[in-house]
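According to my numbering, the stretch in the sequence shown is residues 8 to 276, in order.
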Amino acid sequence: MFCFKCGKQIPDDSEYCLFCGVKIAKNDNGSEHIPEVNNTSISSTNTVVRENNNINVQAYNNNSTRPYKKIGKKIGKKILYAIVCIVSFFIVCTVIALVSVSMKSYDFNPDKLAVHTYKGLNTTLTMQGPFDLQMEKGDTSSEIEQILAGRKDEKNFMQDVFAVKYKNKIDNNKIGNILFSRVLMYGNDTDSRFIITDTPVIKEENIGGMKAATTAVKAYDKHIQNKRTLKFITILKENELWLICLGYPSDDEAASKFVTKMVDSIDVK
């Protein structure tokens with residue numbers, strides 16, 4: 008015969024099921040007595056079916072499927088997490104690629120250059136450039152009567168122009184020292200945008216018939232996470248110092264020619 012609870016086959020004279028331990032009730036004729044159960048207990052625990060005077064118990068317990076449901080949920084969560092990670096990775100890579108392309112897409116076409124004029128307190132700077140900078144007044148000090156500053160940064164090209172009018176007489180031979188300290192300010196401050204990667208070497212040049220101090224340094228731009236060359240030019244006239252800084256991609260021949268044409272056009276009157 009079969010146990011009415013677990014459905015396992017057991018000896019006919021068993022008083023208890025050898026598998027689940029339930030007591031086997033006997034009728035007066037010695038046959039197994041199946042206890043009555045209500046519909047609720049049948050639906051939630053076991054189903055009993057008689058076949059050929061034998062008792063066939065189809066044991067179905069909803070609880071037995073729960074571990075598999077939990078395993079399925081865990082596997083599903085892991086798959087979903089993996090899909091999210093993969094999609095996120097491709098999105099990040101796409102954004103980085105687009106930013107990288109956009110940073111390299113500045114057109115260093117000389118035809119974009121136009122003549123612009125910037126007025127200081129006593130002098131006027133004229134030079135070619137792609138931008139018409141808006142000059143704004145900066146903070147003064149006991150040594151500086153007026154300071155004007157303008158900046159434009161587009162993709163991987165940058166142009167800075169400063170006009171500093173000193174109160175006291177500045178020796179034209181000291182503009183190299185002023186330039187050196189200014190270059191260091193671009194990279195040594197805690198909040199500086201650039202990391203200067205080599206030592207500035209100041210040179211004296213003649214630009215438009217004027218004595219100028221120049222230098223070019225390699226720098227790492229933390230904003231766009233790329234290498235740049237920073238070209239500095241300083242010209243002193245009537246105790247007013249003009250400082251021009253041009254930032255462009257390192258090892259870019261078109262950019263270098265573009266900047267050279269800008270520098271050659273500089274004139275201070």
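Even glycine gets a Cβ: it sits at the ideal position worked out from N, Cα and C.
Because the structure is a prediction, the values reported are computed rather than measured.
- Residues of the same chain with a CB within less than 7 angstroms of the CB of residue 243, apart from the 5 flanking positions on each side, are 177, 179 and 182 in chain order.
- Ranking 231, 90, 174 and 127 by CA distance to the CA of residue 143 puts 127 first.
- Residue pairing for residue 207: DSSP places it in no beta bridge.
- In the three-state reduction of the DSSP assignment, residue 216 falls in the coil class, being assigned neither a helical nor a strand state.
- Taking the C-beta atoms as reference points, residue 222 is found nearer than 9 angstroms to residue 186.
- Only residues of its own chain outside the window of five on either side were considered, and among them 190, 203, 205, 207 and 237 have a CB closer than 7 angstroms to the CB of residue 224, listed in chain order.
- Here residue 113 really is in contact with residue 163; their C-beta atoms are around 5 angstroms apart, less than 8 angstroms.
- Only exposed fits residue 28, as fewer than 16 other CB atoms lie within 10 angstroms of its CB.
- Between residue 216 and the set 233, 272 and 248, the nearest pair of CA atoms involves 272.
- Here residue 84 is exposed. Its C-beta has fewer than 16 other C-beta atoms within 10 Å.
- Each of 270, 135 and 155 was checked against the Cα of residue 213, and the nearest Cα belongs to 270.
- Within the region 126-180, complete beta strand (DSSP E) segments of at least 3 residues are found at 131-136, 151-161 and 164-173, given in chain order.
- Here residue 260 carries a helix assignment [DSSP, helix/strand/coil].
- Rounded to whole angstroms, the separation of the alpha carbons of residue 12 and residue 20 is 16 angstroms.
- Counted as a single uninterrupted DSSP element, the beta strand (DSSP E) harbouring residue 243 occupies residues 233-244.
- If you draw a straight line from the Cα of residue 170 to the Cα of residue 220, it comes to about 15 angstroms.
- Counting only the Cα atoms, residue 146 lies some 33 angstroms from residue 263.
- By the Cβ-count criterion, residue 240 is buried, with 16 or more other Cβ atoms from all chains shown falling within 10 Å of its own Cβ.
- About 6 angstroms separates the beta carbon of residue 133 from that of residue 122, a gap short enough to meet the 8 angstroms contact definition.
- Only residues of its own chain outside the window of five on either side were considered, and among them 127, 128, 129, 130, 170, 171, 172 and 173 have a CB closer than 8 angstroms to the CB of residue 247, listed in chain order.
- By the Cβ-count criterion, residue 98 is exposed, with fewer than 16 other Cβ atoms from all chains shown falling within 10 Å of its own Cβ.
- In the DSSP assignment, residue 182 is bridged to no other residue.
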